[in-house]
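Below is one structure; the comments refer to it alone.
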Amino acid sequence: MKVSIDKIETNGLRCPDAKIVFKDKDSGASLNLLQMPNATGKTTIIKLLGPTLSGEIRNWGSKMIKSFKSREDVSSGLFSVSILTDINKKKSNIQFIVRFNFEHGTVDFTTSRSETSGEEDGWLPPREIKPYITEGCVDVFCFRGDKVNDLIDSNKSDAEETIKAFFGITSSEDFLQSINTHFRATVSQQANVNDRVINSKSNLLKAWEGRFKILKSDFEDLKNSESQINNDLQDLRERSGRIIASVENGAEEESKHASTVQKHEERVALLSNEYWDTLKNPFTISNELVADLFKMRESLEKMKLPGGSKTFFDDMIEFEENCICGEELTEEKVDHIKKTIENYLGDDEITIINQIKEEIKISFKDKDGEENLNTIFSTLKEAVSSRDKAKIDERNFLEGIKEMSSEENKKIFDEYDKKQIEVIQITGKINNRTKEYKPSGTELNNPASCKSWKAAELAISELSDELGTMSDMIDDVNAHAVLVKIITGCKENSLKRLKEKVRELTNKMILQTLRANSGYEIKVESFDKFLQLGWNGVEQSEGSGAQNIIVAYSFVRAILEEATIQFPLIVDHPFTNVDIGNRRDLGSKLTTLMHQFIGFLIDVERPGFLEGVEKSGDEVRYISLFRNNKENEVYAKKMEKMEQDLYYKSDSGLLCYDKEFFLENSMGTK
Amino acid sequence: MFRLDRNAAKWGNGLIQKKGPGPIKIEFDLYYIYLIVGLGLGRTESLSEQDSDSKELIRYYPKAYQSVRHRIATLLLYCDLKASSFDINHKKIVKSKIEEILSADSVILLSDDSCKQLNNYANGGFEAIREELVNPPSDSALFLIYVYETFFHKMFKN
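In order, the protein sequence lines correspond to chains A and B. The opening position of the first sequence corresponds to residue 1 in the working numbering, with each subsequent residue numbered one higher. The opening position of the second sequence corresponds to residue 1001 in the working numbering, with each subsequent residue numbered one higher.
The structure is reproduced here in structure tokens:
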């Protein structure tokens, strides 16, 4: 099964009106490079592509929809994506069409299932590819540049989420959720309510269900707002980025500052964790403490608080008639033994004491405990101070640029700062809504105090089970528990096996791409929530820019291979963090990786990369798209001298497929 | 069971980053730092066991703390003997303290009463920190530095 992007059409949006036709391996060019000057609407196309393919755009709110309106005075817009599919050797051209109504903030979504058929309402992809173009799956092959880092970030679970989405694990989680919801509703409605206790429990359950609905709905609203805020933030980041890039060496300086701050942040995190691990042995805090504890240990030794024998004598008094010496255990002798063994500790206590003595001994021998802690502390303090300095430098640099900017541009910087605060605030709220814990004690009896829908759901589960057990639904409770266990077990086993398979395949793909014996060897050592990189058993938190990209592309290829499906790989800023040498190398290999690769290129990625791509010969489609305005008249004139099939002209846009034009005109920082 | 004053939990909540790169990831991490400060300063503050005042954290040591349970029990024994000014060479007193504090039947190695005492030390540590620091800093590295510089030179000193 194979899917390619054939054409993207835009009209009345924040990008030029255009029809961009792509190629794939079958039509002679597996690599499509699209260059657009800044502020031409590259981000608009990328943001619309995924949600259109997945049909998710139908769920967008009016504010989001209106944000795509062209700066011209238009009331409607259009975005369509045509895909070519090859399913069981049957080829089709399917078109997803989104019509924007900017006045009402709505969209109409239609699908044309073949070149000859008309449009039908709704999102109607072929049954075979439907599971692979859901929201989560589209992100696999249509990804932003920063996704590369998200896959290997130990604090993120994007890699695992990708597997879950692509292989139906997410669907099984949804299925489980439906079962739980149905079970809770059944218990709530059918439990025998004649008993006063059951009645009160049932009322509490209903109160929790009400709370759950409120919290879940609030959470959905927050997620929508988060998505909107993130979009705004990205827009503002790009706009402020353009202002910075317009200053001489601005972009390079900004990138240098950001990378310095990140490097220092990572060092602080590493050292704080090291310090914390050391501190988890409280004996390292003070040598004086250890010396004191050693004295306490010696006293314990001297006191000879024996263990073992106490149990022996206790048993003897209880069960034996004679003493170990053979004489009869008289009352007098029993009293004497009892009095003596009162000073003995029991077996269990003595085991703990022995362990305590051993640990004191070890700490006493290790005279460097406190010194080690102090050394790590000093290093941590230095690292924090360097980090703070780097942050101040970065802030000063940005403030400097802001000072030099026009009033309008200053507002962009201010809005960007505000938006960053909004992101932190909304993330905090979302975290509160998703805190996972089981409410107990007072909180269980007071649903209104709960702020997390996940906690509310756990309370509902617990109360449902309790209520079911207390009433006449014990069989239903047991059956539900078995069903949940089976589905959860299947889900976890499948996920584990899939991750291992994809890890192996990813490593195979990495080997195909990396230069042999280049000193650049890297592989995925393990795969839990994220891809743990390393080599020869030594783990590393990340690779070089090139290594990270190779790992990410290999991961995507591995997933697609495992799913026996060929999709295009659509990447925004594919090589931003890669050095020139590796860009050249990767550029020469891209045509061999996928049957279709679409890269939205920016200027800084051109050096090296284009030289490498050149080696691929005709297998590359070069596309330039820019606004049809006065500033670009010179380009328009050049284009008009070309053959007609090499360019496309609309009122607002100019599109050119000519290779020489692409190579001669670097447009990114215009 | 380990309990934490609700104000103490709320005060340090911003330092916990479950998925962040910093070391304080769970509430027990917060409890632990309060505890060592309390033990180190020999300061206890009685913790109310009412649900409205304090919250149950966990009944046993989280995995990351399993290996230090003997050391924490040792420190409690040591601090208690010191606080009572008992003679460490007095066999009967030491034995009775050991029996009072340690419990082989408990996974945390402490009797119920001594676990309550441990909670009081954690509460004492929190109060000591809060007296010096009205609001916690924004990141855990700064917090750890602050605790070290403010308290460590005073902790476990005769």
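All C-beta atoms, glycine included, are put in the ideal place defined by N, C-alpha and C. All of these numbers come straight from a predicted model, not from anything done at the bench.
>> Does the structure place the segment 551-563 of chain A close enough to the segment 148-160 of chain A that three or more beta carbon pairs sit under 8 Å?
In response: Touching, per the Cβ criterion.
> Mind checking residue 325/A: buried by the 16 CB within 10 Å criterion, or exposed?
Replying inline: Position 325 of the first sequence, counting from 1, holds the residue named residue 325/A. Here residue 325/A is exposed. Its C-beta has fewer than 16 other C-beta atoms within 10 Å.
>> If the cut-off is 9 Å on Cβ atoms, which residues from the segment 1059-1073 of chain B count as contacting chain A, listed in chain order?
In response: Flagged, chain order: 1064, 1065, 1067, 1068, 1070, 1071, 1072 and 1073.
>> Residues of chain A with CB closer than 7 Å to the CB of residue 1093/B, please, in chain order.
In response: Counted from its first residue, the second sequence places residue 1093/B at position 93. Around residue 1093/B, no beta-carbon contact reaches into chain A at under 7 Å, the shortest distance being about 10 Å.
> Where does residue 1020/B sit, in a helix, a strand or coil, going by DSSP?
Replying inline: As a working mapping, residue 1020/B is identified with position 20 in the second sequence. Assigned with DSSP and collapsed to three states, residue 1020/B falls in coil, not helix or strand.
> Could you give the uninterrupted runs of the alpha helix (DSSP H) lying entirely in the segment 418-492 of chain A, keeping only those of 4 residues or more?
Replying inline: DSSP assignment within the segment 418-492 of chain A yields the following whole alpha helix (DSSP H) runs of 4 residues or more, N-terminal first: 441-444 and 453-470.
> Would you call residue 356/A buried or exposed, if buried means 16 or more other Cβ atoms sit within 10 Å of its Cβ?
Replying inline: Here residue 356/A corresponds to residue number 356 of the first sequence, with the count starting at 1. Looking at its Cβ environment, which holds 16 or more other Cβ atoms inside 10 Å, residue 356/A is buried.
>> In chain order, what are the residue ranges of uninterrupted beta strand (DSSP E) at least 3 long that sit wholly in the segment 538-570 of chain A?
In response: As far as the segment 538-570 of chain A is concerned, its whole beta strand (DSSP E) runs of at least 3 residues are 538-540.
> Is there contact between the segment 578-596 of chain A and the segment 621-641 of chain A, where contact requires at least three CB pairs shorter than 8 Å?
Replying inline: Not touching, per the Cβ criterion.
> Candidates 498/A, 443/A and 32/A: which alpha carbon is nearest residue 594/A's?
Replying inline: As a working note, residue 594/A is residue 594 in the first sequence. Minimum Cα distance to residue 594/A is reached at 32/A.
> Which of the residues in the segment 1009-1026 of chain B, read from start to end, lie with their CB under 7 Å from any CB of chain A?
Replying inline: Those residues of the segment 1009-1026 of chain B that come within reach of chain A (Cβ to Cβ, closer than 7 Å) are 1019, 1020, 1021, 1022 and 1023.
>> Within a Cβ cutoff of 6 Å, which residues of the same chain sit near residue 137/A, ignoring the five residues on either side of it in sequence?
In response: Here residue 137/A refers to the residue found at position 137 of the first sequence. Cβ neighbours of residue 137/A beyond the five flanking positions: 165 and 166.
> Mind pulling the chain B residues with CB within less than 7 Å of residue 269/A?
Replying inline: Here residue 269/A corresponds to residue number 269 of the first sequence, with the count starting at 1. Those are 1021 and 1022, listed as they occur along chain B.
> Can you give the beta carbon distance from residue 524/A to residue 1145/B, rounded, assuming they're within the 8 Å contact cut?
Replying inline: Here residue 524/A is taken as the residue at index 524 of the first sequence, counted from 1. Here residue 1145/B is taken as the residue at index 145 of the second sequence, counted from 1. Not confirmed; about 35 Å, so no contact.
> Taking the alpha-carbon positions, what's the residue 670/A to residue 630/A distance?
Replying inline: Against the first sequence, residue 670/A aligns to sequence position 670. Against the first sequence, residue 630/A aligns to sequence position 630. Because residue 670/A sits at a pLDDT of 38, beneath the cut-off of 50, its placement in the model cannot be relied upon, and the following sentence gives the value as read from the coordinates. Residue 670/A and residue 630/A have their C-alpha atoms spaced approximately 13 Å apart.
>> Given a cut-off of 9 Å on the beta-carbon distance, is the pair residue 272/A and residue 1141/B in contact?
In response: Residue mapping note: residue 272/A aligns to position 272 of the first sequence, counting from 1. Residue mapping note: residue 1141/B aligns to position 141 of the second sequence, counting from 1. Contact flag set, yes.
>> I'd like the list of long-range same chain contacts for residue 172/A, defined as Cβ closer than 6 Å, with 5 residues on each side in sequence excluded.
In response: For the purposes of this step, residue 172/A is taken as the residue at position 172 of the first sequence. Same-chain partners within the cutoff: 491.
> If you compare alpha carbons, which of 1002/B, 1045/B and 1149/B is closest to residue 1126/B?
Replying inline: As a working note, residue 1126/B is residue 126 in the second sequence. Of 1002/B, 1045/B and 1149/B, the residue nearest in Cα terms is 1045/B.
> Residues of chain B with a CB under 9 Å from the CB of residue 352/A: which are they?
Replying inline: To locate residue 352/A, count along the first sequence from 1; it is residue 352. Within chain B, the residues 1070, 1073, 1098, 1102, 1103, 1104 and 1109 have their CB atoms less than 9 Å from the CB of residue 352/A, given in chain order.
>> For residue 1110/B, report the span of its beta strand (DSSP E) as first-last.
In response: Here residue 1110/B refers to the residue found at position 110 of the second sequence. No beta strand (DSSP E) holds residue 1110/B; DSSP gives it neither H nor E.
>> Using the three-state DSSP reduction, which class does residue 1152/B fall into: helix, strand or coil?
In response: Within the second sequence, residue 1152/B is the residue found at index 152, counting from 1. The answer is helix: DSSP assigns residue 1152/B an H, G or I state.
> DSSP beta-bridge partners for residue 653/A?
Replying inline: The count along the first sequence starts at 1 and reaches residue 653/A at position 653. Residue 653/A pairs with 627/A.
>> Assuming residue 57/A is part of the alpha helix (DSSP H), what are its boundary residues?
In response: Numbered from its first residue, the first sequence carries residue 57/A at position 57. Here residue 57/A belongs to no alpha helix (DSSP H), and DSSP marks it neither H nor E.
> At a CB-CB cut-off below 9 Å, which residues of chain B make contact with residue 676/A?
Replying inline: Outside the shown range of chain A, which is 1 to 670, sits residue 676/A, and nothing can be said about it.
> So what does residue 123/A bridge to, in DSSP terms?
Replying inline: Counting from one through the first sequence, the residue named residue 123/A turns up at place 123. Beta-bridge pairing links residue 123/A to no other residue.
>> When you compare the CB of residue 506/A with every CB in chain B, is at least one pair closer than 9 Å?
In response: Locating residue 506/A in the first sequence gives position 506, where the first residue counts as 1. No Cβ of chain B is located within less than 9 Å of the beta carbon of residue 506/A.
> So is residue 1085/B in contact with chain A if we call contact Cβ pairs under 9 Å?
Replying inline: In the second sequence, the residue the question calls residue 1085/B occupies position 85. Under the Cβ distance rule, residue 1085/B does not count among the residues neighbouring chain A, no pair being separated by less than 9 Å.
> Residues of chain A with a CB under 7 Å from the CB of residue 1152/B: which are they?
Replying inline: One-based indexing of the second sequence puts residue 1152/B at position 152. Going along chain A in sequence order, the residues near residue 1152/B (Cβ under 7 Å) are 285.
>> Within the continuous alpha helix (DSSP H) that includes residue 240/A, where are the two ends?
In response: Residue 240/A sits at position 240 when you count from the first residue of the first sequence. Residue 240/A -> alpha helix (DSSP H) spans 196-245.
> Any beta-carbon of chain A closer than 9 Å to the one on residue 1145/B?
Replying inline: Residue 1145/B sits at position 145 when you count from the first residue of the second sequence. So, interface residue.
> From what residue to what residue does the alpha helix (DSSP H) around residue 399/A run?
Replying inline: In the first sequence, the residue the question calls residue 399/A occupies position 399. 369-404 is the span of the alpha helix (DSSP H), which, as asked, contains residue 399/A.
> With 16 other CB atoms within 10 Å as the buried threshold, where does residue 1107/B fall?
Replying inline: Here the question's residue 1107/B lines up with position 107 in the second sequence. Exposed: under 16 other Cβ atoms inside 10 Å.
>> DSSP three-state label for residue 609/A, please.
In response: As a position in the first sequence, residue 609/A is number 609, starting the count at 1. Looking at residue 609/A - three-state DSSP - the assignment turns out to be helix.
> Beta-carbon separation of residue 1156/B and residue 259/A under 9 Å?
Replying inline: Counting from one through the second sequence, the residue named residue 1156/B turns up at place 156. Counting from one through the first sequence, the residue named residue 259/A turns up at place 259. Against a cut-off of 9 Å, the Cβ pair of residue 259/A and residue 1156/B comes out as no contact.
> If you drop the 5 nearest sequence neighbours on each side, which residues of the same chain put their C-beta closer than 7 Å to that of residue 627/A?
Replying inline: Counting from 1 along the first sequence, the entry for residue 627/A is found at position 627. Hits under 7 Å: 16, 40, 652 and 653.
> How should residue 1070/B be labelled, buried or exposed, when 16 other C-beta atoms within 10 angstroms of its C-beta is the threshold for buried?
Replying inline: Residue mapping note: residue 1070/B aligns to position 70 of the second sequence, counting from 1. Buried, since its Cβ has 16 or more Cβ neighbours within 10 Å.
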